[in-house]
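Okay, so here's the structure we're looking at.
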Amino acid sequence: SVSAKGHNLVANGNVHECDWGLFSCRQGREETTQNTTTSFLVIVEMFLELKELPNEMGLLTSLERLDIVSLSLKSLPNSIDSLENLKYLNASSNSLSVFPTSIYKLSNLETLDLSSNVIEDTMDEGIGALSNLRVIDLRYNLIGGQVPTELGLMSGLEIINLAYNSLTSFVPGMQLPTSLKEIDFNLNDLAFDVALVIDGLTSLEHLRVASNALYGTIPPSIGLLSNLVSLSLPENNIQGEIPSTVGNLTLLYEMDLATNQLSSSIPSELESCVTLTEFEVEDNSLEGTIPTILGRLTNLVRFTLNRNRLNGTIPTELGNLVNAEVMNFRVNKIEGIMPQEICSLFQDGNLTILKVECIVGCSCCIDRSEEYC
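Shown next, in the form of structure tokens:
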């Protein structure tokens, strides 16, 4: 019941690792986009419920990629530190409870995925030895404490995902690598100035730090992140205004700043963000009127302004949002009448949720129950 694909690699001179009789696997060499070949081993199933890999794994010194996913592993063998050519390690969805420090000797490692385990340790400075890391994914663990300074020194790091852990802080004065393209710190207990994940990170494409304890104001330098497509910072303690420089983010499709302490008005410069599909700023303290220029954002699908301090009337120009599925204006100081142009979207278009105060005349808001009022 042991199978192998591709050209077998030889361990210890004459033994094929897929013939050890300990697991079902695929192994061989695959071409990469650079027209080179990569030695790989994918363990599909462990036999005999070993819950651990044999120390003989350390004999596979030519291995460059190792996939050991969903095998109920409780630890990695110390001999893994002998895999000196390993560039990709995926040990996600196992039962690892301790951070495997033996990987610190894998100096050529570029991708490390330990997501969906039960690691409770804090990350220590030893991770800095992985100086060639481009991707680190530790989401869905129980990691607590500080984010080590050494992560900020990885000059080639492009993706860092620490979401769904119990991290609390960054070392004071720490900066993140300017090479970063994707940051995901969702659902931790991190308390830091929001500028840390914005200033100088001009290569950033995705920024997700929902449900933490971010503070401070969004710096105007956010306008320099010209590659940003996703900005998700809801459920934090961010104050101040939405800077006008967000108008420079012409590739942005998601802006979620809900449930913060933002004030001032909605900047008219948003009209340049024509790719936006989600604009969610509910549960803040935004003031002023709803800018008519928002009607130019015709790709918007979700548009939520509820629970702010906005006043005036709902602009007829919002009737141009033909792709909108959700519009919520509730709990503001808005008056007047719901424009017929918006009612048409609700009656004949994609709009399925339209919520507004009872004080606003609305012929298309058929359900005037408490849900809408």
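Per our numbering, the very first residue in the sequence shown carries number 25; after that it's consecutive. Glycine included, C-beta positions come from ideal geometry on N, C-alpha and C. Quick caveat, the model's predicted, so the values are computed rather than measured.
(message) What ranges does the beta strand (DSSP E) occupy inside the stretch 276-316, keeping only unbroken runs of at least 3 residues that lie completely in it?
(response) 278-280, 302-304 and 311-313
(message) Can you tell me whether N79 sits near the ligand ADP, meaning its C-beta is under 8 Å from at least one heavy atom of the ligand?
(response) Absent from the structure shown: the ligand ADP. Ligands present: none.
(message) Measuring straight from C-alpha to C-alpha, what distance separates L369 and V305?
(response) 21 Å
(request) Pick helix, strand or coil for M81, following the three-state DSSP scheme. (result) helix
(request) Taking L334 and E359 to be in contact with their CB atoms under 8 Å, please state how far apart those CB atoms are, rounded to whole angstroms. (result) So it is not a contact: roughly 11 Å between Cβ atoms.
(request) Give the single residue among L228, P196 and L214 whose Cα lies nearest to the Cα of S203. (result) L228
(message) Let's see if you can read the secondary structure: which residues bound the alpha helix (DSSP H) around L369?
(response) Q364 to D372
(request) Give the DSSP-derived three-state secondary structure of I127 in the structure shown. (result) helix
(message) For G385 and M362, what's the separation of their Cα atoms in angstroms?
(response) 6 Å
(message) What does DSSP give as the partner residue(s) for D217 in the beta ladder?
(response) Y239
(request) Could you say if the stretch 194-202 and the stretch 238-246 meet the contact criterion of at least three C-beta pairs nearer than 8 Å? (result) no
(message) Among N141, I207, V298 and C367, whose alpha-carbon lies nearest the alpha-carbon of K98?
(response) N141
(request) Return the residue from the list S288, L345, V233 and D223 that minimises the CA-CA distance to N212. (result) V233
(request) Report the residue from T313, A237 and T301 whose alpha carbon sits nearest the alpha carbon of L350. (result) The question names Leu, yet the displayed sequence has Val at residue 350. With distances taken between Cα atoms, V350 lies closest to T301.
(message) Rounded to whole angstroms, what is the Cα-Cα separation between F327 and E149?
(response) 43 Å
(message) Taking 6 Å as the limit between beta carbons, can you name the residues of its chain near H230, skipping five residues before and five after?
(response) E206 and S254
(message) According to DSSP, simplified to helix, strand and coil, what is V253?
(response) coil
(request) Would you give the residue range spanned by the beta strand (DSSP E) that D145 belongs to? (result) D145 -> no beta strand (DSSP E), and no H or E assigned at all.
(request) For the beta strand (DSSP E) containing M351, list its first residue and its last residue. (result) V350 to N352
(message) So, at 7 Å on beta carbons, what are the nonlocal neighbours of S309 in its own chain, with the 5 sequence-adjacent residues on each side left out?
(response) Q285, L286, S287, N332 and R333
(request) Could you say which of L294, G169, R354 and S86 lies nearest to T269 if we only look at CA atoms? (result) L294
(message) What does the alpha-carbon distance come out to for the pair G180 and L95?
(response) 30 Å
(message) Going by beta-carbon coordinates alone, are Q371 and C388 separated by less than 9 Å?
(response) yes
(message) Distance check for L120 and L324, CA to CA, integer angstroms please.
(response) 42 Å
(request) Assign L113 to one of three DSSP states: helix, strand, or coil. (result) strand
(request) Give the secondary structure of D223 by DSSP, where H, G and I count as helix, E and B as strand, and everything else as coil. (result) coil
(request) Using only alpha-carbon positions, find the residue among T146, L177 and Y164 that is nearest to L157. (result) L177
(request) Report the three-state DSSP secondary structure of T340 (helix, strand or coil). (result) helix
(request) With a 10 Å radius around its C-beta and 16 neighbouring C-beta atoms as the bar for buried, classify E108 as buried or exposed. (result) exposed
(request) State the CB to CB distance for the pair S235 and N210, rounded to an integer number of angstroms; the pair is presumed to be in contact (CB under 8 Å). (result) 6 Å
(message) Using the Cβ count rule (16 or more neighbours within 10 Å means buried), how would you classify M70?
(response) Confidence at M70 is low in this model, with a pLDDT of 49, below 50, so the placement of that residue is unreliable and no value is reported for it.
(request) Give the DSSP bridge partners of E206, in chain order. (result) I183 and H230
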